[in-house]
Amino acid sequence: MPDTPHRNTSEMHWRSLAVLNLFRLLCVLGLILSIAVFSHRFVNDPSLRGPFLWLIGGDLVLIGLFAVTILRRKPSFEIQISVQVVTDVIFLVCLMDLFGGVRSGLGILLLPYLAAAGLISRGRMTLFHAAVASIALLIEQAWRVLVYQASFDENFTPALLCVACFAVAWLGHRLSRTAEASEKLAEQRGVDLQNLAQVNQRILQDVSDGVVVVDSLGHIRQFNERAEQLTGRSLLIGDLVAEPLPRLAEAVAAWQQDRTRVAELVAGGRPQKTLRLRMVGLSDEEPGDVMVYLEDMDRLRHESQQLKLAALGRLTANLAHEIRNPLSAISHAAQLLGEETGDDPLYTRLTRIIDDNARRLERMVHDVLELNRRDRLQITEIDLAQWLSGFLEEFRQVEKIAPLLPLVCPPDVVIRFDPGHLHQVLWNLARNGWRYCSQGEGSLTFTVHQADGHWMLDVFNDGPPVPADAQVQLFEPFFTTESKGTGLGLYIAREICAANAAHLVYAPPDKGARFRITFGMNDGQKNTNG
């Protein structure tokens, strides 16, 4: 890993060196064209043509040689850049001397070469290149003074050009340092952004809620796997959200009009899930972009039930001790009081009232304690037809019921439920149904059928239906229409069903009363009829 940045930087250097070589070629071609067209001295003086062509030809040969060495990456970059700069300096100084020295103006071409070399080498050897150029300029000027008897007054211009070479080299050095620092900063920022993107992606995938990001045009910009699991649909980035999830698209469009709206979505798949949609705008610059959180209401209800059970467990632990002991004392005192008072009707009635209410409180405590059994699930597969036959036979014997209790159930129905819990729930429903029915042949029936991929068990009795106003409170704790009831039977039955991934509801028929248990609602079990 530590060598990777170095290899990337070197490759960039080689590409820059190739661009510099191309620039060198274009400059030579430009010189040939400009001198051939605009220099009358070159056209009229044959003595200049030969040296000029030799210089140009030699430089073109070197340009081709440099192209080969750059492609082969040999010798090293530092050697090649130094050799090329020295070659350019010699070529330009010789060309400048050929056309009259500093006065020709060709010396100014040294500056872009030095600047380019300083930027490419990132500050390395830039002062050396400037020194080589200055020495070459001073040698050329000294040669002109000695050979051509040039005036010493002309030394000022080469001196300024030497200063310009060092200034350009220093500027290239500073710019290269700035570029290098900016490159390192950009590289670090890129790494940070990549790490941040990975962290965001990991967080997005690990959240318990589904997440779908939708832009103002209704296209899916991002989503996590949980969103596909909850919706039961395959999602693709760039697709219109209305294609796999039309209801979600409608909810997003409605939210974009009124950001205070809250929506729910019934997702497909088995089992179906009710999802609550929570939408958040991404930015003020793009008001139409929205992030949609898909919250599984079944999971939230389950977590709420777990919290309620934890609190109920703490309550029942104290309830058994704090209430049962005083109840035992009250019952014992009532029994002693009844023995002391003899046959006095008034005292007999009072002691009976005390004893009946003590028993009622005892049953209430027992029912509350039964709620705590939800934590100890032992869900197994149950052959429902065989299990119901045994249950009904036991129920008839214990309750001393003479008429047969009709059962309609396909022979191959298999459900997943805790057998002890199922026994408790059905005993409560069957006992209530027998109490309110006509207690004749066929007055209490049990029917198993399938609907929407789930097995359902209906417990029907021909007694009076539950009043409409009482149906709302039917499963609330401590709600009862009997003076001696605890109001916890149906509540406990529904809670036990929920713990076993089933739903218990009151399904009013045309006549009589009917309670329905739907199995396999939340655990994803597949119910088939063959």
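Counting from 1, one number per residue, gives the positions in the sequence shown under the working numbering. All residues carry an ideal CB built from backbone N, CA and C; glycine is no exception. Since we're looking at a predicted model, the values are computed, not measured.
Per-residue DSSP class, three states only, for residue i
i           : result
residue 43  : Confidence at residue 43 is low in this model, with a pLDDT of 48, below 50, so the placement of that residue should be treated as unreliable; the coordinate-derived value is given next. Residue 43: helix per DSSP, three-state reduction.
residue 378 : coil
residue 343 : coil
residue 473 : coil
residue 107 : helix
residue 439 : coil
residue 279 : strand
residue 28  : helix
residue 408 : strand
residue 240 : strand
Residue range of the beta strand (DSSP E) that includes residue i
i           : result
residue 513 : 513-518
residue 540 : Any property of residue 540 remains undetermined from this structure, which presents the chain solely from 1 to 530.
residue 290 : 290-296
residue 414 : 414-417
residue 211 : 210-214
residue 458 : 454-461
residue 451 : 444-451
Reference residue i, options the options, closest by Cα
i           : options            : result
residue 413 : 213, 381, 402      : 381
residue 509 : 158, 468, 178, 98  : 468
residue 206 : 223, 244, 463      : 223
residue 94  : 239, 254, 470, 48  : 48
residue 327 : 355, 304, 338      : 355
residue 475 : 504, 283, 167, 408 : 504
residue 359 : 379, 279, 330      : 330
residue 488 : 432, 256, 438, 168 : 432
residue 173 : 126, 110, 147      : 126
residue 451 : 435, 400, 492, 516 : 516
residue 493 : 430, 472, 277      : 430
residue 131 : 275, 169, 99       : 169
residue 252 : 217, 236, 235, 274 : 217
residue 89  : 114, 72, 67        : 114
residue 402 : 247, 333, 278, 439 : 439
residue 202 : 65, 35, 226        : 226
residue 72  : 24, 11, 53         : 11
residue 30  : 178, 60, 495       : 60
residue 35  : 24, 23, 52, 25     : 52
residue 276 : 311, 257, 209      : 209
Other residues of its chain near residue i: CB distance less than 8 Å, five sequence neighbours each side excluded
i           : result
residue 32  : 56
residue 96  : 102, 104, 106, 107, 140
residue 511 : 462, 465
residue 455 : 384, 413, 415, 448, 449, 518, 519, 520, 527
residue 70  : 14, 17, 18, 21, 80
residue 143 : 97
residue 377 : 418, 421, 499, 500
residue 304 : none
residue 437 : 443, 444, 461, 462, 463, 512
Where the alpha helix (DSSP H) containing residue i begins and where it ends
i           : result
residue 202 : 156-206
residue 500 : Note, residue 500: premise wrong, no alpha helix (DSSP H); not H, not E.
residue 96  : 77-98
residue 252 : 246-257
residue 146 : 126-148
residue 398 : 384-399
Cβ neighbours of residue i in the same chain (closer than 7 Å, five flanking residues each side left out)
i           : result
residue 16  : 120
residue 215 : 221, 288, 289
residue 426 : 391
residue 245 : 231, 233
residue 357 : none
residue 409 : 384, 385, 388, 448
Same chain, Cβ closer than 6 Å to residue i, neighbours up to 5 away in sequence not counted
i           : result
residue 514 : 458, 460, 507
residue 85  : 117, 129
residue 62  : 87
residue 337 : 351
Residue i Cβ short of 7 Å to the ligand ATP heavy atom set
i           : result
residue 187 : As for the ligand ATP, it is missing from this structure, which has no ligand bound.
Are there three or more Cβ pairs, one per stretch, closer than 8 Å when the region 387-395 is compared with the region 354-368? no
How about the region 435-453 and the region 491-509: do they share at least three Cβ pairs that are nearer than 8 Å? no
The region 135-144 / the region 72-81 touching (three or more Cβ pairs under 8 Å): no
Does the pairing of the region 322-330 with the region 342-352 give three or more beta-carbon distances under 8 Å? no
Assess, as a yes-or-no matter, whether the region 279-297 is touched by the region 227-240 under the definition of 3 or more beta carbon pairs within less than 8 Å. yes
Assess contact between the region 158-166 and the region 181-192, defined as three or more Cβ pairs (one per stretch) separated by less than 8 Å. Is contact present? no
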